[in-house]
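Let me begin by presenting the structure, written as structure tokens, before commenting on it.
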Amino acid sequence: MTANSDLSILFVCLGNICRSPLAEAVFRTKAQQAGIPVSVDSAGIISYHAGKRPDPRTLAIGEENGYSFENSYARQVATTDFTKYDHIFAMDKDNLEALQSLQPDSSEAQLGLFLSVLQDCDLAEVPDPYYGGIEGFQHILQLIEQASDTFIEQLKSRE
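For reference, each letter of the sequence shown is one residue, going 4 to 162 in the working numbering.
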């Protein structure tokens, strides 16, 4: 990130239909509310869902809580993402390992687990709610909101 450019963040999960699009929508909204200029996107490790909208449960829980998915379509992580984004947050350790294996040596992107921004959280990973019910989506929304709020506070303290 250069001195005059916005911060850029990419959220990554396996298929880019549950966790990462929710994180993208939540973080974008909260950053706008905090007055932090940021470019936010999401992607998946695999291309299976490429071009598809987020899971209906992701859309329901997000929209119910005021988050927009207007231009959200699944896509696979691209090599160019490692030069385009300052921070690339993985939702779980498998995603992080895949990202680390894809990251070019020339990349300066900071890779990490999204929940690592939380000091007092028993979880290291955002659990994948895909095979469960709506309760799993409610749970990940709470985790994502908490991590988003915490990271935004960290960004504001750097200003």
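Don't be surprised by glycine CBs; every beta carbon is placed ideally from N, CA and C.
Best match in the options for proximity to residue i [C-alpha to C-alpha]
{"i": "P132", "options": "L105, N19, L158, T82", "result": "N19"}
{"i": "G54", "options": "F140, F72, Y76", "result": "Y76"}
{"i": "D152", "options": "A37, C16, S11, I12", "result": "A37"}
{"i": "Q157", "options": "V120, L146, E148, Q145", "result": "V120"}
{"i": "L102", "options": "D9, L10, S11, V15", "result": "V15"}
{"i": "D9", "options": "A28, A26, V43", "result": "V43"}
{"i": "Q35", "options": "R78, I155, L146", "result": "I155"}
{"i": "Q149", "options": "K33, T82, P40, T86", "result": "K33"}
{"i": "T82", "options": "N74, P57, E73, E111", "result": "E111"}
{"i": "V29", "options": "P59, I48, I64, Y51", "result": "I64"}
{"i": "I48", "options": "Q141, L99, L118", "result": "L99"}
{"i": "S104", "options": "H52, D89, V80, P130", "result": "V80"}
{"i": "S109", "options": "L118, K87, C124", "result": "K87"}
Residues bridged to residue i [DSSP beta-bridge criterion]
{"i": "L114", "result": "I91"}
{"i": "C16", "result": "G47"}
Simplified DSSP state of residue i, which is helix, strand or coil
{"i": "A46", "result": "strand"}
{"i": "V129", "result": "coil"}
{"i": "S11", "result": "strand"}
{"i": "G139", "result": "helix"}
{"i": "Q157", "result": "helix"}
{"i": "L121", "result": "coil"}
{"i": "E162", "result": "coil"}
{"i": "D84", "result": "helix"}
{"i": "D97", "result": "helix"}
{"i": "S151", "result": "helix"}
For residue j and residue i, believed in contact at Cβ under 8 Å, the rounded distance
{"i": "L144", "j": "I91", "result": "The Cβ separation is near 21 Å, so there is no contact."}
{"i": "L116", "j": "K96", "result": "7 Å"}
{"i": "L62", "j": "A93", "result": "Wrong, their Cβ atoms sit about 22 Å apart, outside the cutoff."}
{"i": "R60", "j": "I137", "result": "6 Å"}
{"i": "D84", "j": "A46", "result": "6 Å"}
{"i": "S11", "j": "D89", "result": "5 Å"}
task = Starting from the N-terminal side, write out each stretch of the beta strand (DSSP E) that is 3 residues or longer and does not extend beyond the segment 18-82.
result = Here the runs fully enclosed are 41-47.
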